[in-house]
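Residue numbers (our numbering): 14 to 105.
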């Protein structure tokens, strides 16, 4: 028995295999991005926060006026409380 055209048979086999792979790739769905409700809420909050100034000018002006008039007094207890509070708020 003589086998001929083996190469042609292998080419047909490889061609069919490539076509099956291409069909599989075509059936894949598109990537979808969905943002959760919490994510959207976070974006809204972050956007609102970015619009708030870092320095409250009215508070700064009030303290400046009290300092200039000599009416700005901070008790030792208030100062100590703030120092302790800031020390515990810092993460190590």
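Note that the Cβ used here is the ideal one computed from N, Cα and C, for glycine as well.
| Query | Result |
| --- | --- |
| Taking the alpha helix (DSSP H) that residue 61 belongs to, which residues open and close that run? | 50–64 |
| May I have the straight-line CA-CA distance separating residue 51 from residue 57, to the nearest angstrom? | 10 Å |
| When DSSP labels each residue in this structure, what does residue 67 get in the three-state scheme? | coil |
| Would you identify the three-state DSSP class for residue 94, choosing helix, strand or coil? | helix |
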